[in-house]
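Chains as they are written, first to last, in our numbering: chain B, 65 to 428; chain F, 66 to 194. Note that the Cβ used here is the ideal one computed from N, Cα and C, for glycine as well. Just so we're clear, the structure is a prediction, and the values are computed from it rather than from any experiment.
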Amino acid sequence: MPDPLARTLLYPAHLALGARLVPFAGWEMPVQYNSIVAEHLAVRNNWGLFDVSHMGRIQLSGAGAAALLDLVVTSGAADLPLGRSRYGLICNPEGGILDDVVFYRQTEQRFLLVCNAGNRAVIGAWLTHHAQRVAGAQLEIISDQTIMLAIQGPHAVQQADGLFSGVPSSLKRFTGASATFQRTPVFLGRTGYTGEDGVEVVAPVAVGLSLWNALIGAGATPVGLGARDTLRLEAGLPLHGNDISPSINPIEAGLERFVRSTGDYIGKAALDELRAHGSHRKLVGFKSAGRGLVPRHGFRIMRANGQIGEVTSGAFSPCLGVNIGLGFVPPACASPGTSLEVDVRGSRQHVAVTTIPFYKRPTR
Amino acid sequence: MNPADLRYTKEHEWARDNGDGTVLVGITAFAQEQLGDVVFVDLPKVGSHLQQFAKLGEIESVKAVSDLFSPLAGEVVGLNPKLKDAPELVNQDPYGEGWMLKLKVQDPVQLRSLLSASDYEAHLKSQSH
Chain B
65 MPDPLARTLL
75 YPAHLALGAR
85 LVPFAGWEMP
95 VQYNSIVAEH
105 LAVRNNWGLF
115 DVSHMGRIQL
125 SGAGAAALLD
135 LVVTSGAADL
145 PLGRSRYGLI
155 CNPEGGILDD
165 VVFYRQTEQR
175 FLLVCNAGNR
185 AVIGAWLTHH
195 AQRVAGAQLE
205 IISDQTIMLA
215 IQGPHAVQQA
225 DGLFSGVPSS
235 LKRFTGASAT
245 FQRTPVFLGR
255 TGYTGEDGVE
265 VVAPVAVGLS
275 LWNALIGAGA
285 TPVGLGARDT
295 LRLEAGLPLH
305 GNDISPSINP
315 IEAGLERFVR
325 STGDYIGKAA
335 LDELRAHGSH
345 RKLVGFKSAG
355 RGLVPRHGFR
365 IMRANGQIGE
375 VTSGAFSPCL
385 GVNIGLGFVP
395 PACASPGTSL
405 EVDVRGSRQH
415 VAVTTIPFYK
425 RPTR
Chain F
66 MNPADLRYTK
76 EHEWARDNGD
86 GTVLVGITAF
96 AQEQLGDVVF
106 VDLPKVGSHL
116 QQFAKLGEIE
126 SVKAVSDLFS
136 PLAGEVVGLN
146 PKLKDAPELV
156 NQDPYGEGWM
166 LKLKVQDPVQ
176 LRSLLSASDY
186 EAHLKSQSH
């Protein structure tokens, strides 16, 4: 009998808001509260609130914490300034992506690492195992002692200022700092997965529900995983399990800029080799000219009647009004403007390769 | 809740008798609720001939795609021109502005073989158990 789905602390809040709940990575999560498109547009035009407590949160501390991150993450941590965040890949020795992660340097010897919900166990075990090789690196998995919320949109920072005494607006993009809520220490990062400005909050479970309620009370639109997916796709951000995986390396996935060429880390030799010899396939963005059947994960990408690749993510884009997606094609077919077709349940849908992100925030 | 003047199918389509040998066809409030935000409706060309209960096309939402079935046998004589740019009309007004196609019906008596509003509601209740 399969394990029952896990629920975050905020499950009763989602129920109370009338959310439609679906299984996601072993969790029972809200896919939508209202309409996916309305929630998507609320984040683009106003501010939205996501429960992302299902994601993994690991505290690394000690004199060896930076060295441990240096060993396992392609982007490295030893040179990360205090207060800054960084995105990176955790790879296996063959260069395949075990997970994509964001980590924050909270103090000289303390980091917070956030990983995908579906990879909690894998990454916890991976870090624990490799910590044995690094003197003075301690790990604490704090996923179950904390909740995590994402507050995103053009008004998110200003609104969050009201609850966190102005700390959000004091943060530069991609930095983090401590703050308090109801006299309880919380951690804020000016980061996100939507392409919008905003903050992500990690807070102890004791204040989780009242933090959620305070944000809803202040007028945040609750946003489910359905809109989270369309938002990140418009922003050109990969999803582990769809666009990246242990059988995909960062070079072919267009994530080379997060793979450092100095130092030593797990997967470096393989990635150096891949960088030198080129990839047989490239992850590209594509979009349709108008509305039509939606290309989705696993659909074949065709050219002159032969399959040349496959879609890894696809959706209707509420902001562009057309279908967008990511997929693998041969490098020769990867230039923007290249015409492709996607086989959608037997019908050929025309798309063209395009640069990502698909959507960029208008400068204000 | 489901208009009493329409006839329904178990697959959640409705048909409205225009009284002139044609019917309008759409999907029910229940169907659009299940689908979520509709992003594309794939309909047959004008002039297509459909059998009763045959698949006529597909309706795609953000998260799902569903087959559409013709409630009656007939010829497609019109398509809702608004659905191309505003498929969300299916969600907003499934029995009105969200109509999908107009059929010239071979045999109007076939309408009686479809469910009444109360039979359709009973069908929904039995499905939910």
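7 Å Cβ shell around residue i - same chain, five flanking residues per side excluded
{"i": "residue 228/B", "result": "243, 245, 252"}
{"i": "residue 86/F", "result": "169, 170, 173"}
{"i": "residue 96/F", "result": "77"}
{"i": "residue 295/B", "result": "104, 107, 258, 259"}
{"i": "residue 360/B", "result": "375, 378"}
{"i": "residue 354/B", "result": "386"}
Contact belief for residue i with residue j at Cβ below 8 Å, rounded distance in angstroms
{"i": "residue 122/B", "j": "residue 177/B", "result": "5 Å"}
{"i": "residue 120/B", "j": "residue 179/B", "result": "4 Å"}
{"i": "residue 273/B", "j": "residue 77/B", "result": "7 Å"}
{"i": "residue 133/F", "j": "residue 121/F", "result": "5 Å"}
{"i": "residue 95/B", "j": "residue 288/B", "result": "5 Å"}
{"i": "residue 233/B", "j": "residue 173/B", "result": "In fact, because the Cβ distance is near 28 Å, the residues do not count as touching under 8 Å."}
{"i": "residue 323/B", "j": "residue 312/B", "result": "So it is not a contact: roughly 13 Å between Cβ atoms."}
{"i": "residue 175/B", "j": "residue 184/B", "result": "The Cβ separation is near 17 Å, so there is no contact."}
{"i": "residue 160/F", "j": "residue 68/F", "result": "6 Å"}
{"i": "residue 112/B", "j": "residue 284/B", "result": "6 Å"}
Start-to-end residues for the beta strand (DSSP E) that takes in residue i
{"i": "residue 168/B", "result": "161-171"}
{"i": "residue 387/B", "result": "387-393"}
{"i": "residue 130/F", "result": "130-134"}
{"i": "residue 91/B", "result": "91-96"}
{"i": "residue 120/F", "result": "120-126"}
{"i": "residue 140/F", "result": "139-144"}
{"i": "residue 153/B", "result": "149-155"}
Extent of the continuous alpha helix (DSSP H) run through residue i
{"i": "residue 239/B", "result": "Residue 239/B -> no alpha helix (DSSP H), and no H or E assigned at all."}
{"i": "residue 75/B", "result": "75-80"}
{"i": "residue 292/B", "result": "289-298"}
{"i": "residue 167/F", "result": "First-last for residue 167/F: 166-170, but that is the beta strand (DSSP E), not the alpha helix (DSSP H)."}
{"i": "residue 327/B", "result": "Per DSSP, residue 327/B belongs to no alpha helix (DSSP H) and is neither H nor E."}
{"i": "residue 274/B", "result": "269-281"}
{"i": "residue 84/B", "result": "Premise fails: residue 84/B lies in the beta strand (DSSP E), 84-88, not in any alpha helix (DSSP H)."}
Residue i classed as buried or exposed, judged by whether at least 16 other C-beta atoms fall within 10 angstroms
{"i": "residue 191/B", "result": "buried"}
{"i": "residue 80/F", "result": "buried"}
{"i": "residue 66/F", "result": "exposed"}
{"i": "residue 332/B", "result": "buried"}
{"i": "residue 98/B", "result": "buried"}
{"i": "residue 325/B", "result": "exposed"}
{"i": "residue 79/B", "result": "exposed"}
{"i": "residue 419/B", "result": "exposed"}
{"i": "residue 74/F", "result": "buried"}
{"i": "residue 93/F", "result": "buried"}
{"i": "residue 189/B", "result": "exposed"}
{"i": "residue 139/F", "result": "buried"}
{"i": "residue 125/F", "result": "buried"}
{"i": "residue 146/B", "result": "exposed"}
{"i": "residue 223/B", "result": "buried"}
{"i": "residue 346/B", "result": "buried"}
Beta-carbon proximity list for residue i, same chain, < 6 Å, skipping 5 on both sides
{"i": "residue 128/F", "result": "101"}
{"i": "residue 302/B", "result": "308"}
{"i": "residue 352/B", "result": "386, 387, 415"}
{"i": "residue 214/B", "result": "114, 116, 256, 264"}
{"i": "residue 373/B", "result": "365, 391, 392, 393"}
{"i": "residue 206/B", "result": "121, 123"}
{"i": "residue 204/B", "result": "123"}
{"i": "residue 155/F", "result": "97, 103, 163"}
{"i": "residue 142/F", "result": "167, 169"}
{"i": "residue 237/B", "result": "254"}
{"i": "residue 348/B", "result": "393, 398, 417"}
Bridge partners - residue i, DSSP secondary structure assignment
{"i": "residue 412/B", "result": "407/B"}
{"i": "residue 367/B", "result": "370/B"}
{"i": "residue 179/B", "result": "120/B"}
{"i": "residue 249/B", "result": "244/B"}
{"i": "residue 255/B", "result": "Residue 255/B pairs with nothing; no bridge assigned."}
{"i": "residue 190/F", "result": "Answer is none; residue 190/F lacks a bridge partner."}
{"i": "residue 264/B", "result": "214/B, 253/B"}
{"i": "residue 203/B", "result": "124/B"}
{"i": "residue 79/F", "result": "73/F, 91/F"}
{"i": "residue 286/B", "result": "113/B"}
{"i": "residue 418/B", "result": "349/B"}
Same chain, Cβ closer than 8 Å to residue i, neighbours up to 5 away in sequence not counted
{"i": "residue 411/B", "result": "357"}
{"i": "residue 156/B", "result": "162, 310, 330, 331"}
{"i": "residue 67/B", "result": "90"}
{"i": "residue 384/B", "result": "298, 351, 422, 423"}
{"i": "residue 409/B", "result": "357"}
{"i": "residue 189/F", "result": "95"}
{"i": "residue 194/B", "result": "132, 135, 136, 330"}
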